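Participant:
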Amino acid sequence: MIELPPSQSFFSDLFANQRAALWMLLSSRRAFRSVNPSALQLVFLAILAVLANTLFSWLTANGEGHFNSQGLASYLLWPFIALIAGIFIAQRNGLGRLVLVPVILWLAADIYIALFQSLLQYLGLINRLPDFILPWMNSLFLVLFIWQTVSLVLIFAKQLRWPWWEQILILVGTIVTLAIWQQAVSSQPIWKVEAQVEPVVLSEEALYAQPRLLDDMLSQLQKGVFGETHWYFMGVAGAGYQDVFKTEVENTQRQFDTRFGTLGRSLALINNANTQATLPIASRTSIARALARVGQQMGSDDVLFLFMTSHGNQNIFELANDPIGLNSLNPQWLRETLDRSNIRWRVLVISSCYSGSFIPALQSPNTIVITASAANKPSFGCSTEADYTYFGRAFFAEAMRDQNSLTAAFEVAKKLISKREKEAGYPPSSPQMQVGTNIATILPQIESRLFPALTETTSPPEISLSTSVMPSLHLPAMKIPSQHKIAAVDSPN
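So the sequence shown is residues 325 to 817, counted in the working numbering.
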């Protein structure tokens, strides 16, 4: 049973409540001998507590920022919970004056805690705290915060003789509530400093360098030798705000140049804030110019390997390079641009979410289209710290390193991606591969000029691929349906 002392004058009750808070912080039931709850005391202590916590928040912000009403609302959440708890305790024990006791004790104790924290914060600002204390400041504040509330629960548990299991349940519930409340207060302080976001700017150097960078790259693209089959590589990194796309294109271009013989016949268009002054950006204009130049340099027997990686949506491949305003790509635009370039034999690899939606527009008898996902599914792996997406790692870094054909590499990549998606708990991205009827017929021949192992072991005779139908080549036709579907991956792009 709890017997509360009678109320006296306002200031007598105020001092009594402050004494009660000190006893509470010592987990002593003597707190109940001093506390004098009233509505006026509640309002006054709440104002003092808000002022003390505002002082602490202001010192933490080093005097900068502004008052944050949302932070005030977050702070008042726990006193409100203490008030609700007081209602239940009062009803359970038949003593109406108990309603305000928990919230008054909590607020009175919080004034002490907030003023003590403010003192430490101020001493830290004027360099009057020992260096060994500074790393422990946040932990100390957290301990004080927990101590204040747990002490309140303990004195009620001892005074009202709650059973052990009830004490455990209430303590666990209190700690969980404290964790949630502390999260809200830390993210929304009463005195808030807005994060300073540095504006993204395009330097004058980058602005004037871009036309020259693109012209230089296109002028260095070598012409194919008549009567021979060459592969040309073109990489496009679309989303400039994540390094993974830049790194993936650079790694893949390096792989094609060193292993697949495209050195002098490869180019890359990259969106990234760190390369705006050193590499050509990927825009509709630069992509169209690059494809046109590739078409000029390619012979009728040559093959383009176009690799595009970015975020995307259905029928959208994102091009982003702030602060430049770029229009993203759609499959119809890409198909029309490829057709205007007069590039005949095409291997198009699109790595983005929902990239399968590009297949209907891009497919043709002379084209292989490989996508990292189905038309209605995302792909995975485009985290900022990664050097490949799931699809890029499986297809380029692993499968094409060990296989001697595109279809075999795709099958291997599909299995690797499926395994990683299952391990990560992701839904299947269902990568796709569509092989046109004409290019399927000549696929063994053009692959022999791409994969070193095939060239070394089989050394097929040099032949022309310039005719649209290939019966004169007498090549064994591969049984690949025109809608050959297989797998690959990226990250919710």
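We put the CB at the ideal spot given by N, CA and C, even for glycine.
Bear in mind that the values here come from a model prediction, so they are computed numbers and not experimental data.
(1) Kindly indicate which three-state DSSP category Met-818 falls into: helix, strand or coil?
(2) Could you compute how far the alpha carbon of Ala-345 sits from the alpha carbon of Asn-392?
(3) Please list the terminal residues of the continuous beta strand (DSSP E) segment that includes His-758.
(4) What are the start and end residues of the alpha helix (DSSP H) that includes Tyr-399?
(5) Let me make sure I understand the geometry here. Which of Gly-749, Ser-362, Ser-352 and Lys-701 has the alpha-carbon closest to that of Pro-330?
(6) Can you give me the start and stop residues for the alpha helix (DSSP H) that Val-425 sits inside?
(7) Within the same chain, show all residues whose beta-carbon is closer than 7 Å to that of Phe-334, passing over the 5 residues directly before and after it, in chain order.
(8) Which residue comes first and which comes last in the beta strand (DSSP E) that contains Val-693?
(9) Do Leu-338 and Phe-380 have their beta-carbon atoms positioned less than 8 Å apart in this structure?
(10) DSSP on Ala-606, reduced to helix/strand/coil?
(11) Express the C-alpha separation of Pro-426 and Leu-407 in angstroms, rounding to a whole number.
(12) Is it buried or exposed, Thr-609, if we count other Cβ atoms within 10 angstroms and call 16 or more buried?
(13) Ordered along the chain, which non-local residues of its own chain (more than five positions away) have a Cβ less than 7 Å from that of Gly-636?
(14) Taking the alpha-carbon positions, what's the Asn-666 to Thr-713 distance?
(15) Per DSSP, which residues does Ala-644 bridge with? Please list them.
(16) Using a Cβ distance threshold of 8 Å, determine whether the segment 658-665 contacts the segment 604-619, with at least three qualifying pairs required.
(17) If you scan the segment 464-518 from start to end, which runs of the alpha helix (DSSP H) of 4 or more residues do you find wholly inside it?
(18) Please list, in chain order, all residues of the same chain as Gln-600 whose beta carbon is under 6 Å from its beta carbon, the five residues on each side excluded.
(19) Measuring CA to CA, which of Gln-577, Gly-420 and Ala-733 is closest to Phe-555?
(20) Which term fits Gln-445, buried or exposed, when burial requires 16 or more other beta carbons within 10 angstroms of its beta carbon?
(21) For Asn-690 versus Trp-669, is the C-beta spacing smaller than 8 Å?
(22) Quick one: what does DSSP say Leu-591 is sitting in, helix, strand or coil?
(23) Any idea which residues DSSP pairs Ser-675 with across the strands?
(24) Would Ile-514 and Ala-561 qualify as a contact pair, given that the criterion is a beta-carbon distance under 8 Å?
(25) In its own chain, which residues sit with a C-beta less than 8 Å from the C-beta of Gly-395, not counting the 5 before and 5 after it?
(26) In terms of DSSP beta bridges, what is Phe-557 paired with?
(27) Expressed to the nearest angstrom, what Euclidean distance is found between the alpha-carbon atoms of Tyr-565 and Trp-488?
(28) Sorted by chain position, which residues of the same chain lie with C-beta nearer than 7 Å to Gln-656's C-beta, five sequence neighbours on each side aside?
(29) Going by the DSSP bridge assignment, what does Leu-653 pair with across the sheet?
(30) Nearest-angstrom Cα distance between Gly-585 and Ser-463?
(31) Tell me the rounded alpha-carbon separation between Arg-649 and Leu-449.
(32) Do you know how far the Cα of Gly-497 is from the Cα of Val-474?
(33) Could you check if Ala-345 belongs to the surroundings of the ligand SAH, using beta carbon to heavy atom distance under 7 Å?
(34) Based on Cα-Cα distance, which residue from Thr-553, Leu-740 and Gln-544 lies nearest to Gln-769?
Facilitator: Put simply:
(1) An answer regarding residue 818 cannot be provided, because it is not within the stretch 325 to 817 covered by the chain.
(2) Straight-line Cα distance between these residues: approximately 28 Å.
(3) One detail in the question is off: residue 758 reads as Gln in this sequence, not His. Gln-758 -> beta strand (DSSP E) spans 756-759.
(4) Looking at the DSSP string, the run of the alpha helix (DSSP H) that includes Tyr-399 is 393-399.
(5) Taking only the C-alpha atoms, the option nearest Pro-330 is Ser-362.
(6) Taken as a continuous stretch (DSSP letters only), the alpha helix (DSSP H) holding Val-425 covers 425-449.
(7) Cβ within range, chain order: Leu-364.
(8) Val-693 -> beta strand (DSSP E) spans 691-695.
(9) Cβ atoms of Phe-380 and Leu-338: not closer than 8 Å.
(10) Ala-606 falls in the coil class under three-state DSSP.
(11) Each residue's alpha carbon lies about 7 Å from the other.
(12) Thr-609 should be labelled exposed.
(13) Closer than 7 Å at Cβ, skipping near neighbours: Glu-642, Ser-676, Cys-677, Tyr-678, Ser-679 and Asn-817.
(14) Taking the straight line joining both Cα atoms gives about 31 Å.
(15) Ala-563, per the DSSP bridge assignment.
(16) Taking a contact to require three or more Cβ pairs closer than 8 Å, the segment 658-665 and the segment 604-619 qualify as touching.
(17) Correct list: 488-511.
(18) For Gln-600, the CB contacts under 6 Å within the same chain, skipping 5 residues up- and downstream, are Ala-530 in chain order.
(19) Per the sequence presented here, residue 555 reads as Trp, with Phe not at that position. Among Gln-577, Gly-420 and Ala-733, the Cα nearest to that of Trp-555 is on Gln-577.
(20) Gln-445 should be labelled buried.
(21) Note that the C-beta distance between Asn-690 and Trp-669 is below 8 Å.
(22) Reduced to three states, the DSSP call for Leu-591 is strand.
(23) Ser-675 is bridged to Thr-633.
(24) Their beta carbons are not under 8 Å apart, which means Ile-514 does not touch Ala-561 by this criterion.
(25) Hits under 8 Å: Ser-381, Val-509, Gln-512, Pro-513, Ile-514, Trp-515 and Lys-516.
(26) Phe-557 is bridged to Ser-590 and Phe-629.
(27) Cα to Cα, Tyr-565 sits roughly 55 Å from Trp-488.
(28) The residues Ala-685, in chain order, have a CB closer than 7 Å to that of Gln-656 in the same chain once the five nearest residues on each side in sequence are set aside.
(29) Bridge partners of Leu-653: Phe-641.
(30) One C-alpha to the other measures close to 58 Å.
(31) Note that residue 649 is Gly in the sequence shown here, rather than Arg. Using only the alpha carbons, I get a separation of about 44 Å.
(32) Val-474 and Gly-497: Cα-Cα distance of roughly 11 Å.
(33) Absence of the ligand SAH from the depicted structure is noted, as is the absence of any ligand whatsoever, leaving it without description.
(34) Among Thr-553, Leu-740 and Gln-544, the Cα nearest to that of Gln-769 belongs to Thr-553.
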